[in-house]
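Input: a single structure, listed below in structure tokens.
2 protein chains.
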Amino acid sequence: METQDLKKAGLKVTHPRMKILEILERAPEHHLTAEDIYRKLLEEGEQIGLATIYRVLTQFEAAGLVNRLHFEGGQAVFELDRGTHHDHMVCSRTGRVVEFYDEVIEQRQREIAKAHGFRLRDHSLILYGEFIEDEDTSSS
Amino acid sequence: METQDLKKAGLKVTHPRMKILEILERAPEHHLTAEDIYRKLLEEGEQIGLATIYRVLTQFEAAGLVNRLHFEGGQAVFELDRGTHHDHMVCSRTGRVVEFYDEVIEQRQREIAKAHGFRLRDHSLILYGEFIEDEDTSSS
DNA sequence: AAAAAGTTGAGAATCTTTCTCATAATCGTA
DNA sequence: TACGATTATGAGAAAGATTCTCAACTTTTT
Numbered sequence: 101m102e103t104q105d106l107k108k109a110g111l112k113v114t115h116p117r118m119k120i121l122e123i124l125e126r127a128p129e130h131h132l133t134a135e136d137i138y139r140k141l142l143e144e145g146e147q148i149g150l151a152t153i154y155r156v157l158t159q160f161e162a163a164g165l166v167n168r169l170h171f172e173g174g175q176a177v178f179e180l181d182r183g184t185h186h187d188h189m190v191c192s193r194t195g196r197v198v199e200f201y202d203e204v205i206e207q208r209q210r211e212i213a214k215a216h217g218f219r220l221r222d223h224s225l226i227l228y229g230e231f232i233e234d235e236d237t238s239s240s
Numbered sequence: 101m102e103t104q105d106l107k108k109a110g111l112k113v114t115h116p117r118m119k120i121l122e123i124l125e126r127a128p129e130h131h132l133t134a135e136d137i138y139r140k141l142l143e144e145g146e147q148i149g150l151a152t153i154y155r156v157l158t159q160f161e162a163a164g165l166v167n168r169l170h171f172e173g174g175q176a177v178f179e180l181d182r183g184t185h186h187d188h189m190v191c192s193r194t195g196r197v198v199e200f201y202d203e204v205i206e207q208r209q210r211e212i213a214k215a216h217g218f219r220l221r222d223h224s225l226i227l228y229g230e231f232i233e234d235e236d237t238s239s240s
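Residue numbers (our numbering), protein chains in the order written: chain A, 101 to 240; chain B, 101 to 240.
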């Protein structure tokens, strides 16, 4: 029930916005590109324009409903903001994304920022590599 | 004297490549977009095509001579690889970039990766905010 | 229900980056 | 030092991602 969130953000409760939120909520991957969302909506028979998706995602980002992440590869990915900050680990083989949170790292960042006279607003930490279990050793 | 580096990477020593390296070495900002390099070269009377700049930067990246960074905003920025890994702090007001290195964070990343069965290849840590000294409080 | 305000879809436009291909430069060798 | 094989360059076209434009349409307010 996010119609509240939309209203709070000064956004009208429209069909495209609800559907986009739904997709983000249901996606098992949790991290989707605008195109991913576009295709998933099409599959469900919702013909929502790509331009609308980008527009809405940008509005959602401004409202704090979603986060936009810049992984390698140019295309931005979006995730629902579930209130808890976390960083990301991206498997270069499968594209799998795992979230993690580490208070030691968070704390160090604050200290480093302070030491540099830097007002820390946000940060992006992404680990790149491969999950060992995702490795297809010898199989077909 | 990087002609050695170019040869070692299996790249011919050409005028565009030398000039691009020069620009990267001399740039006080240390972090340039392909366009930045293109414009700086033009200012020096070097008419090198943008396509060449992108091509060369990609080759340099593969050879480990430069790093490609993805700050917010879509455009990639490049820096000369001076052999010492570091992360970045970006001022949203001035665009100023400051490098830092923190062994505690590096170590934590390795531990986190290990705990997740993740073979860590690389990482990107960027702090966003503003340098307090860059703040134009009241001035003209 | 009508008016006011905000939203959508489609395609055009923009921006960044890569590709194509004919021409030109580099490098090892004769 | 010139030759030939190889590789690189420049310009413009092309591709990919995202934003813009604007007329038609919903939502919300009155």
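Glycine included, C-beta positions come from ideal geometry on N, C-alpha and C.
Residue i - containing beta strand (DSSP E), residue span
{"i": "E199(A)", "result": "V197 to F200"}
{"i": "D187(A)", "result": "D187 to C191"}
{"i": "V166(A)", "result": "V166 to H170"}
Candidates the options: closest to residue i by CA position
{"i": "E179(B)", "options": "F231(B), E129(B) and G149(B)", "result": "E129(B)"}
{"i": "L111(B)", "options": "L157(B), C191(B), A151(B) and T184(B)", "result": "L157(B)"}
{"i": "V197(A)", "options": "G229(A), E102(A), R182(A) and L121(A)", "result": "G229(A)"}
{"i": "P116(A)", "options": "R210(A), G195(A), E203(A) and I153(A)", "result": "I153(A)"}
{"i": "L195(A)", "options": "V177(A), E102(A), N167(A) and I137(A)", "result": "At residue 195(A) the sequence reads Gly, which differs from the Leu that was named. Cα-wise, what sits closest to G195(A) is V177(A)."}
{"i": "R155(A)", "options": "C191(A), T103(A) and I120(A)", "result": "I120(A)"}
Residue i versus residue j - alpha carbon distance
{"i": "M118(A)", "j": "L132(A)", "result": "16 Å"}
{"i": "H223(B)", "j": "H170(B)", "result": "11 Å"}
{"i": "G174(A)", "j": "G174(B)", "result": "7 Å"}
{"i": "E135(A)", "j": "E172(A)", "result": "16 Å"}
{"i": "K107(B)", "j": "I148(B)", "result": "21 Å"}
{"i": "D105(A)", "j": "Q159(A)", "result": "12 Å"}
{"i": "R221(A)", "j": "V113(B)", "result": "43 Å"}
{"i": "G164(A)", "j": "L141(B)", "result": "41 Å"}
{"i": "R139(A)", "j": "L150(A)", "result": "9 Å"}
{"i": "D202(A)", "j": "E125(B)", "result": "36 Å"}
{"i": "E146(B)", "j": "I123(B)", "result": "11 Å"}
{"i": "N314(B)", "j": "G183(B)", "result": "The requested residue 314(B) is not part of the displayed model; chain B covers only 101 to 240."}
{"i": "V190(B)", "j": "A127(B)", "result": "17 Å"}
{"i": "E85(A)", "j": "E144(A)", "result": "In the structure displayed, chain A extends from 101 to 240; residue 85(A) sits before or after that span and is not available."}
{"i": "K214(B)", "j": "K214(A)", "result": "29 Å"}
{"i": "R210(A)", "j": "H186(B)", "result": "17 Å"}
{"i": "I137(A)", "j": "A109(A)", "result": "21 Å"}
{"i": "D181(A)", "j": "D181(B)", "result": "35 Å"}
Neighbour list for residue i in chain B, Cβ cutoff strictly below 7 Å
{"i": "V74(A)", "result": "The structure shown has nothing for residue 74(A), since chain A only spans 101 to 240."}
Beta-carbon proximity check, residue i vs residue j, cutoff 9 Å
{"i": "R219(B)", "j": "I232(A)", "result": "yes"}
{"i": "H188(A)", "j": "F200(A)", "result": "yes"}
{"i": "I212(B)", "j": "R208(A)", "result": "no"}
{"i": "E161(B)", "j": "R193(B)", "result": "no"}
Endpoints, the alpha helix (DSSP H) within which residue i is located
{"i": "D181(B)", "result": "Element bounds for D181(B): n/a, residue is neither H nor E."}
{"i": "E230(B)", "result": "Taken as a continuous stretch (DSSP letters only), E230(B) belongs to no alpha helix (DSSP H), being part of the beta strand (DSSP E) at F218 to F231."}
{"i": "D136(A)", "result": "A134 to E143"}
{"i": "V204(B)", "result": "E203 to A215"}
{"i": "A162(A)", "result": "L150 to A162"}
{"i": "P116(A)", "result": "H115 to R126"}
{"i": "K112(A)", "result": "That residue, K112(A), is in no alpha helix (DSSP H); it is neither H nor E in DSSP."}
{"i": "D234(A)", "result": "Here D234(A) belongs to no alpha helix (DSSP H), and DSSP marks it neither H nor E."}
{"i": "Q104(A)", "result": "T103 to K108"}
Partners in chain B for residue i, counting only beta-carbon separations shorter than 9 Å
{"i": "L225(A)", "result": "D187, I205, Q209, H223, S224, L225 and I226"}
{"i": "A163(A)", "result": "Per Cβ cutoff of 9 Å: no residues; A163(A) is ~18 Å from chain B at best."}
{"i": "V198(A)", "result": "H216 and F218"}
{"i": "E144(A)", "result": "Ordered by position in chain B, no residue passes the 9 Å Cβ test against E144(A), which lies about 29 Å from the chain."}
{"i": "D181(A)", "result": "What D181(A) touches in chain B: nothing, since even the nearest Cβ is about 16 Å away."}
Residues that residue i contacts on chain A, provided the C-beta gap is smaller than 7 Å
{"i": "E172(B)", "result": "H170"}
{"i": "D202(B)", "result": "R208 and I212"}
Amino acids of chain A, ordered along the chain, whose beta-carbon sits closer than 9 Å to that of residue i
{"i": "G229(B)", "result": "A213, F218, R219, L220, R221, D222 and H223"}
{"i": "D105(B)", "result": "Correct list: empty, because the minimum Cβ distance to chain A is about 24 Å."}
Contact list for residue i against chain B, beta-carbon separation under 8 Å
{"i": "I232(A)", "result": "G217, F218 and R219"}
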